[in-house]
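If you read the sequences in order, they're chains A and B.
First residue of the first sequence? That's 17 in this note's numbering, and the numbers climb one at a time after it.
First residue of the second sequence? That's 17 in this note's numbering, and the numbers climb one at a time after it.
Glycine included, every Cβ here is placed at the ideal spot set by N, Cα and C.
This structure is a prediction, so every number in the text was calculated from the model and none was measured.
One structure is given here, and the rest of the page talks about it.
2 protein chains.
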Amino acid sequence: MNDNLPARRGRKSEISRGQILDAAARMLRRQGYGNTTLRAIADVAGIQAGSIYYHFASKDEIMDAVLERGVAAVYEAVHDQLAALPVGTDHLKRIETAVIAHLEALLSHGDYTSASIRTYGEVPAAFQQKAQPLREAYVTLWQELLGAAQRDGAIRADLDTSLLRTLLLGSLNWCVEWYDPSQRPVREVAAQAVDVLFRGVVPAYVPPSLKE
Amino acid sequence: MNDNLPARRGRKSEISRGQILDAAARMLRRQGYGNTTLRAIADVAGIQAGSIYYHFASKDEIMDAVLERGVAAVYEAVHDQLAALPVGTDHLKRIETAVIAHLEALLSHGDYTSASIRTYGEVPAAFQQKAQPLREAYVTLWQELLGAAQRDGAIRADLDTSLLRTLLLGSLNWCVEWYDPSQRPVREVAAQAVDVLFRGVVPAYVPPSLKE
DNA sequence: CCGGATTTCGAACAACCGTTAGATAATTGC
DNA sequence: GCAATTATCTAACGGTTGTTCGAAATCCGG
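What follows is the structure, encoded as structure tokens:
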């Protein structure tokens, strides 16, 4: 019987552990939870299936680690980018920063985030719960971002910010389903997403006094 | 060896066939492709696992049927609602109609659409192809909808409508991940989605002459 | 370069998977 | 109500799954 946390281990262990997680994230992303096999993970990681159990107690523990790492990466990316802004940055600039950070973390930062987004819904409820606190924290972050903006009049008062948040994050999250980095840069996607979010698709009425 | 299409069959067959598909769609939606078991499908449908093979030649044939039915339902819903509009209806009204139809088909029309959306990405590539013509037709429908609107100046000329389409449909498709019919009606979600899409979240500049 | 700790292997396990086929039950036209 | 057709059940198959465990290989401080 394994200890829950490996007591003291050499450095090779952490390398292998990382390779296993990388392989798991990659397969999880494209094949979902049920189709991802321990033997396939081991194969990609370059080891034998049984050897996995030296590093993880079960398949679910691997999946759990991948999922948590995925949401953590997005959370930290957005949080850090926001924290790096000068104090007093206006609301729209903050929202724009968050959207870009979210998309960058999702699309360029690898398989963990994509796997986390795509498979969270089909994973046994038992360890959906384990990642829930972090997910809720992330939702709260966005909710406060939008709520503060609305309070100060930066976004329209007649919108339900909670609904707006799910619609916006949905639009961004869905990018993992189709985005191809060889087609257009992430920034271009982010830029138009922010543009449409702020101004809408209908041509704005430009008062004559503002025309240049 | 079975004939590909069952030659002539009584009416009970179609009932059971429907129950099998219903069960498959439900499980596929919440558990993904790999976790959905023939024995579990049979259990939900109230029959024995082996009996499924009287109606379907393989598990993949069931999944294929569910997926195709899912996209077909959305396609037809949007297509029919658009066709029901009076000729000459303006572009924004047409887009609004399409958004509502898409969301309604997705959220109230059951497990097929959700299953189709959530599992398409993790299904063997062999029969991703089979559903691809219909999917492309659906994409084309939206592309022409947005393209025509842009051509006539109903939506801004500086937007990439192809990117806009993926962002918009992503936002709508993602609703299957969180929408709870007991919380708010579908129309409310659709209404705000259209509102934000058209006008954006930033308060509009209202020229004095238009104030009431 | 040695000896103990760390890491991996290799083979086996019970359980479960999709699938098959023959026996059995239910349904239906007459 | 009777055959004949239609539909389901039962039991098994080969293969794959997650998992276990003792033996072998590797690593590394002294």
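Counted as a single uninterrupted DSSP element, the stretch harbouring A/Q64 is not any alpha helix (DSSP H), since DSSP gives it neither H nor E. Relative to the Cα of A/G104, the nearest Cα in the group A/V202, A/A165, A/R45 belongs to A/A165.
A Cβ-Cβ distance of about 6 Å is found for the pair B/H118 and B/V90, placing them in contact under the 8 Å criterion.
Below the 9 Å Cβ cutoff, chain A contributes L179, L183 as neighbours of B/A209, in chain order.
Closest in alpha carbon position to B/A58, among B/R45, B/S32, B/E77, B/R46, is B/S32.
For the pair B/I36 and B/D127, the Cα-to-Cα distance works out to about 13 Å.
Three or more Cβ pairs closer than 8 Å define a contact, and the segment 44-54 of chain B meets that threshold against the segment 132-141 of chain B. Cβ contact annotation for A/L150 (same chain, cutoff 8 Å, sequence separation greater than five): E84, V87, A88, Y91, in chain order.
When DSSP states are grouped into helix, strand and coil, B/T182 belongs to the helix group.
In the structure shown, B/H118 adopts helical secondary structure according to DSSP, grouped into three states. Against B/D168, chain A offers no close residue; the least beta-carbon distance is about 11 Å (beta-carbon pairs closer than 9 Å).
At a cut-off of 8 Å between beta-carbon atoms, B/L150 makes no contact with chain A. Here the segment 150-163 of chain A makes no contact with the segment 140-156 of chain B; the two share fewer than three CB pairs at distances below 8 Å. The Cβ atoms of A/G50 and B/G50 sit closer than 8 Å to each other. Contact check for B/V217 and A/L157: beta-carbon distance about 18 Å, past the 8 Å limit, so the pair fails to qualify.
At a cut-off of 8 Å between beta-carbon atoms, A/I171 makes contact with chain B. Here B/A61 has Q35, I36, A39 as same chain residues with Cβ atoms under 6 Å from its own Cβ, once five neighbours each way along the sequence are excluded. Exposure of A/S124 is indicated by the presence of fewer than 16 other C-beta atoms within 10 angstroms of its C-beta. It is roughly 56 Å from the alpha-carbon of A/P219 to the alpha-carbon of B/R27. Bounds of the alpha helix (DSSP H) holding B/P149 are 144-167. Following the DSSP letters along the chain, one finds B/W194 inside the alpha helix (DSSP H) bounded by residues 191-194.
For B/S124, no Cβ of chain A is located within less than 8 Å of the residue's own Cβ. Listed by position along chain A, the residues whose Cβ is nearer than 8 Å to that of B/D38 form an empty set, because the closest Cβ is around 19 Å away.
Annotation: B/Y70 is outside any alpha helix (DSSP H) and is labelled neither H nor E by DSSP. Counting only Cβ-Cβ distances below 9 Å, B/F143 has no contacts in chain A at all, with the closest Cβ about 14 Å away. Contact with chain B is found for A/W194, since one of that chain's Cβ atoms lies less than 8 Å from the residue's Cβ. Distance from the CA of A/D196 to the CA of B/W190, rounded to the nearest whole angstrom, comes to 19 Å. Excluding its 5 nearest sequence neighbours in each direction, B/A56 has C-beta neighbours in its own chain below 7 Å: M43, listed in chain order. Taking 8 Å as the cut-off, the Cβ atoms of B/S178 and B/Q148 do not count as close. Judged by DSSP secondary structure, B/Q199 falls outside any alpha helix (DSSP H); it is assigned neither H nor E.
Under the three-state reduction of DSSP, A/R172 is assigned to coil, being neither helix nor strand.
Check the Cα spacing between A/V115 and each of A/Q145, A/Q144, A/T182: the tightest is with A/T182. For B/V94, same chain residues with a beta-carbon under 6 Å away, outside a window of 5 residues either side, are A114, A117, H118 in chain order.
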